[in-house]
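Numbering of the sequence shown is given in full-length UniProt numbering, commencing with residue 1 and proceeding in unit increments.
Where is the CB? At the ideal position from N, CA and C, for every residue including glycine.
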Amino acid sequence: MHGVLPSTAMLSPPPLLTARGLVKTYGRSRAVDGVDLDIPERAFTTFLGPSGCGKTTILRMIAGFERPDSGSLVLDGRSLIDVPPERRPVNTVFQNYALFPHLTVFENVAFSLTLRRRSPDPAPKVLRALETVHMAEFADRYPYQLSGGQQQRVAVARAMVAEPHLLLLDEPLSALDRKMRSHLQIELKDLQKRLGIAFVYVTHDQEEAFALSDIVVVMNRGRIVQRADPATLYARPANGFVADFIGSATLVPGTLTTVDARDGMAAIETSLGIINAPVIEGVASGDAALLVLRPEHMALCAEVRDRRSPVEWQGTVRHVVYQGNTYLVEAECAGIILRLTAQIPPGLGETVAIGLDPGRAFITRVGA
C-alpha cells in the first residue's frame, strides 16, 4: 500500500536563519535575554522596539560583530557561532552607510568583492548592482557629491553585490528627512522583492516597520514580545506593551468576567462599563486585562446619526489636535482619556456622545 504524500500546501520551507536561546550580557545588563527566532527566506523581517531593547545587538550577532554568551545561530543549516564576519554569507547596511570618502561609488561597491576575493574582474557585478539601485550613472562620483538618499542606495549596492543570503539593515534611513524616508521605504521594499533575498531590518519607527515588513518582531527588555505580520500586530496585540507601542491606543484596565474560547470573545468589566469584545487566547475569567481602543474604533455620535452605536458614552472634550484631513479628539469619560478621530472639531469643554463598535476593539493581557 502506497503512503499518502502530504499536500504541498501544508508544507512550509525551513527557515533561512534559526536562533535558539540567544543571550548577550554587558556587565550587569542583559541586552538579549534568551531569544528564539526563525527568519524565513525571501521575507522582509523587521526588529521593532524602543532604544536599548536588544534589536541592534541581535543584528550584530547575526553579522558576527558580537559573539553570543550562549545560544545558537544557524544559517542555511550551518552554525554561525565560530564563523568570522567576513566569511558569513551576510552583509550589513549601517546607519551611517560607512562609505569610504576617498573612493568613488564604483570603488566603494567593488570593495566588497575585493575584500571577499569573489571576482577577479568585479566590473560586471558592480555595474549590475549599481543599475539595480539606479546609481550606475553616478559610478565615478565620490560620496560627498551624493545626497543622503543616493548614499543609502550605494550602501545597499555594496552590501548586495557579493550576493549574500541575508541582508542586514541597521536603521539606514534614520538620518534622512521624512519625505526622503517615505520615498526610500518604497524603493527598499521594491528592491527586496526584485532581489528575492531576505532582509532583516532594525528600526524604532513603527510606521517604517509597517510600511516595509512582511514580519515584525517587537522587542522589549531583551526579549521578543510578539512576532507577526503588521495587520495582526495592530489589531491583535499580544499585551499592553505592544498595544501601546504600536499606533495610538487607549488602554482601559479591567477584569475579565467571562471568556468564551470557542468564539474568541470575552466580557471585561471596566470603569466604562462591561464591554464584550474579541479577546487574546490563553486568558481566563478573573484575569486582569486591558481593553484596547484605537481612535478608529470610536466616533462622535453626532457624525454618525444614521446608525446607533452598540456602546455609547458621554465625555468631556479636553484636547483637539488638527491632523490635516481629520482631527484627533481627546475626551475624558469616567476618568479615562479616549482618543478618537473626527471630521468636525468639537469645542474644548464640550460634552459629546462617543460611540464604540466593540467588535473592532480588542482585549489583551496586561503584562509586557
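Using a beta-carbon distance below 8 angstroms, is residue i in contact with chain B?
{"i": "residue 276", "result": "This model lacks chain B altogether, as it is built from one protein chain only."}
Comparing C-alpha positions only, which one of the options sits nearest to residue i?
{"i": "residue 345", "options": "330, 20 and 336", "result": "330"}
{"i": "residue 359", "options": "243, 235, 138 and 197", "result": "235"}
{"i": "residue 164", "options": "249, 156 and 323", "result": "156"}
{"i": "residue 320", "options": "337, 100, 50 and 214", "result": "337"}
{"i": "residue 34", "options": "77, 280, 148 and 70", "result": "70"}
{"i": "residue 54", "options": "76, 80, 217 and 180", "result": "217"}
{"i": "residue 107", "options": "125, 94, 93 and 95", "result": "125"}
{"i": "residue 76", "options": "39, 142 and 65", "result": "39"}
Should residue i be labelled buried (16 or more other beta-carbon atoms within 10 Å of its own) or exposed?
{"i": "residue 14", "result": "exposed"}
{"i": "residue 350", "result": "exposed"}
{"i": "residue 97", "result": "buried"}
{"i": "residue 102", "result": "exposed"}
{"i": "residue 192", "result": "buried"}
{"i": "residue 257", "result": "exposed"}
{"i": "residue 364", "result": "buried"}
{"i": "residue 7", "result": "At residue 7 the pLDDT is 47, less than 50, meaning the model places this residue with poor confidence; the figure from the coordinates comes in the next sentence. When all chains shown are included, residue 7 counts as exposed."}
{"i": "residue 209", "result": "buried"}
{"i": "residue 4", "result": "Legend: pLDDT at residue 4 = 49, less than 50; position of this residue unreliable, no value from coordinates given."}
Taking the CB atoms as reference points, tell me whether residue i and residue j lie closer together than 8 angstroms.
{"i": "residue 249", "j": "residue 293", "result": "yes"}
{"i": "residue 170", "j": "residue 202", "result": "yes"}
{"i": "residue 255", "j": "residue 268", "result": "yes"}
{"i": "residue 162", "j": "residue 91", "result": "yes"}
{"i": "residue 211", "j": "residue 185", "result": "yes"}
{"i": "residue 251", "j": "residue 313", "result": "no"}
{"i": "residue 43", "j": "residue 177", "result": "no"}
{"i": "residue 282", "j": "residue 317", "result": "no"}
{"i": "residue 295", "j": "residue 341", "result": "yes"}
{"i": "residue 172", "j": "residue 93", "result": "yes"}
Starting from residue i, follow its DSSP beta bridges and name the residues at the other end.
{"i": "residue 269", "result": "255 and 274"}
{"i": "residue 319", "result": "330"}
{"i": "residue 312", "result": "355"}
{"i": "residue 337", "result": "332"}
{"i": "residue 24", "result": "32"}
To the nearest whole angstrom, what separates the beta carbons of residue i and residue j, a pair I think is in contact under 8 angstroms?
{"i": "residue 133", "j": "residue 166", "result": "Not confirmed; about 18 angstroms, so no contact."}
{"i": "residue 145", "j": "residue 135", "result": "Actually they do not touch by this definition, with Cβ atoms about 12 angstroms apart."}
{"i": "residue 265", "j": "residue 279", "result": "6 angstroms"}
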